[in-house]
Amino acid sequence: MSLPFPRAVLFDLDGTLADTAPDLAGAMNRVRAARGLPPTPYEILRPVASAGARGLIGASFGLKPEDSGFDELRTAFLDTYEASIAVESHLFDGMDVLLAALAEKGIAWGIVTNKAGRLTHLLVPKLNLQHAGCVIAGDTTPHSKPHPEPLLEAARRLGIPPERCWYVGDDLRDIQAGRAAGMTTIAAAWGYCGNQEPVEWLADAIAASPQELLGLIQSSS
Numbered sequence: 031m032s033l034p035f036p037r038a039v040l041f042d043l044d045g046t047l048a049d050t051a052p053d054l055a056g057a058m059n060r061v062r063a064a065r066g067l068p069p070t071p072y073e074i075l076r077p078v079a080s081a082g083a084r085g086l087i088g089a090s091f092g093l094k095p096e097d098s099g100f101d102e103l104r105t106a107f108l109d110t111y112e113a114s115i116a117v118e119s120h121l122f123d124g125m126d127v128l129l130a131a132l133a134e135k136g137i138a139w140g141i142v143t144n145k146a147g148r149l150t151h152l153l154v155p156k157l158n159l160q161h162a163g164c165v166i167a168g169d170t171t172p173h174s175k176p177h178p179e180p181l182l183e184a185a186r187r188l189g190i191p192p193e194r195c196w197y198v199g200d201d202l203r204d205i206q207a208g209r210a211a212g213m214t215t216i217a218a219a220w221g222y223c224g225n226q227e228p229v230e231w232l233a234d235a236i237a238a239s240p241q242e243l244l245g246l247i248q249s250s251s
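If you count the sequence shown from 1, you need to add 30 to reach our numbering.
Here it is, written out as structure tokens:
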């Protein structure tokens, strides 16, 4: 199937544009250390990194947002993470080439993440992503993904119809949000994927790497 040529490509942040799991996992394990607990293995934390505090606390402490003690842990985790947000985080290999190619082709790009605004706007310049056409954080609109509103707000800010936008993400809720917004959806199989199989998300396409995503753009019409 031929994909429509995008006028804009919107990206999830954690696990799609950038490999932030080392710093997220590190913060979670510092929270555990402060409580006299051993670290949770990285291979357990990495797949849930895209789910932020909810996923990491769930994997590390076995707690859900409605459980007693969750809010205290969430506050401790976010404060710890904010203090060392970009020690090991970096763009995925090939992402800088992809972003440069988008600019060369006149394709706008932006970020739509569920990460809190205070953290998103701290991290973005540290990753040299401050030239994004828009940055929509988890609290920019009254809703977060999988609701389509953050994606629709990004399209409004770019001045581009949603149907001319692609949304790229490494979690099922990214694809759900993109579909609900009427955008072309691309599963970022190079990301964390939450121990899920991207083929099950029913995205319009799956890309195994940023280079493969660029190939999809180049072959679109």
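All C-beta atoms in this analysis are idealised placements derived from N, C-alpha and C, irrespective of residue type, glycine included.
Keep in mind it's a predicted model, so treat the numbers as computed, not measured.
Quick one: what does DSSP say residue i is sitting in, helix, strand or coil?
| i | result |
| --- | --- |
| C223 | helix |
| I216 | strand |
| A81 | helix |
| A133 | helix |
| L40 | strand |
| D101 | helix |
Residue i: buried (16+ other C-beta within 10 angstroms of its C-beta) or exposed?
| i | result |
| --- | --- |
| P192 | buried |
| D204 | buried |
| P71 | exposed |
| K175 | buried |
| S80 | buried |
| P240 | buried |
How many angstroms separate the CA atom of residue i from the CA atom of residue j?
| i | j | result |
| --- | --- | --- |
| E118 | G56 | 10 Å |
| A113 | V142 | 23 Å |
| D109 | S249 | 44 Å |
| E183 | P52 | 30 Å |
| P77 | D200 | 10 Å |
| C164 | L67 | 40 Å |
Residues in the same chain with beta-carbon distance under 8 Å from residue i, minus the five sequence neighbours each way, listed in chain order, please.
| i | result |
| --- | --- |
| P69 | N59, R62 and A63 |
| F107 | A57, M58, V61, A83, L86 and I87 |
| L47 | F41, L121, F122, M125, I141, L157 and L159 |
Here's a check: name, in chain order, each residue in its chain whose Cβ is nearer than 7 Å to the Cβ of residue i, leaving out the five neighbours to either side.
| i | result |
| --- | --- |
| S251 | S32 and F35 |
| S90 | M58, R62, T70 and L75 |
| P178 | A207, A210 and A211 |
>> Runs of 3 residues minimum, wholly inside the region 150–211: which ones carry the beta strand (DSSP E) assignment?
In response: 195–199
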